[in-house]
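Engineer: Below are the structure tokens for one structure; questions will follow.
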Amino acid sequence: MSETSRIATVVAAATPAATAVAVAVDSVRLGVNVADDVSHGTTRNTTKTMAGIAGGWSVGTGAAITGATVGSMLCPGVGTLIGGIVGGIAGGFVGSSASRFAADKISDKLHHDVEVHKCQKCAKSFTYRKYKSEGDEDLCDDCSE
Ligand SMILES: [Zn+2]
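Right, here's the structure in full:
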């Protein structure tokens, strides 16, 4: 068996359990955000979480394979598995925060659930992001602190 197909086999063998855990975690995360959004009358948290999950999955898979490859160069077998897990976690983390950041920027550009409010204290107009909410809709960033 070639080195590459051995890596693929190890990654494939470790994937179902890791995938099951990841899917469960993501489902809970998504459920919490949907509930949050419903109570705030917005869809931004859900959009953001979904973007994060999608980004985490795509980047995480690539990073897991990269990690497994690097790991097997350092220590074939155990290194492959550890490299794959570490790569997957690191990649999933970076990928999901990067896409959440991007989703936020895009939502702002599209004025998705963003309203212009007038500050009750200094009368300045400010951008109010519905999804951040929690009672600061009447004050601008400067006055709410
Ligand atoms: Zn103000």
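According to our numbering, the sequence shown is numbered sequentially starting from 1220.
Just so you know, even glycine gets a beta-carbon here, dropped at the ideal spot from N, CA and C.
#1: The beta strand (DSSP E) that contains residue 1206, what's its start and end?
#2: With a threshold of 7 angstroms (Cβ to nearest heavy atom), would residue 1361 be considered close to ligand 1?
#3: Answer with buried or exposed for residue 1341, where buried requires no fewer than 16 other C-beta atoms within 10 angstroms of its C-beta.
#4: Rounded to whole angstroms, what is the Cα-Cα separation between residue 1278 and residue 1329?
#5: For residue 1343, is the beta carbon positioned less than 7 angstroms from some heavy atom of ligand 1?
#6: From what residue to what residue does the beta strand (DSSP E) around residue 1363 run?
#7: From the DSSP output, in three-state form, read off residue 1261 for me.
#8: Given a threshold of 16 other Cβ atoms within 10 Å of its Cβ, counted over all protein chains shown, does residue 1300 qualify as buried or as exposed?
Structural biologist: Inspection of the coordinates gives the following:
#1: Summary: the structure shown does not reach residue 1206, with the chain confined to residues 1220 through 1364, and so no result is reported for it.
#2: At least one heavy atom of ligand 1 lies less than 7 angstroms from the C-beta of residue 1361.
#3: With fewer than 16 other Cβ atoms inside 10 Å of its own Cβ, residue 1341 counts as exposed.
#4: Their backbone Cα atoms lie some 25 angstroms apart in a straight line.
#5: Result yes, Cβ under 7 angstroms from ligand 1.
#6: It is not in any beta strand (DSSP E) - residue 1363 carries neither H nor E in the DSSP assignment.
#7: Note: residue 1261 maps to coil in three-state DSSP.
#8: When all chains shown are included, residue 1300 counts as buried.
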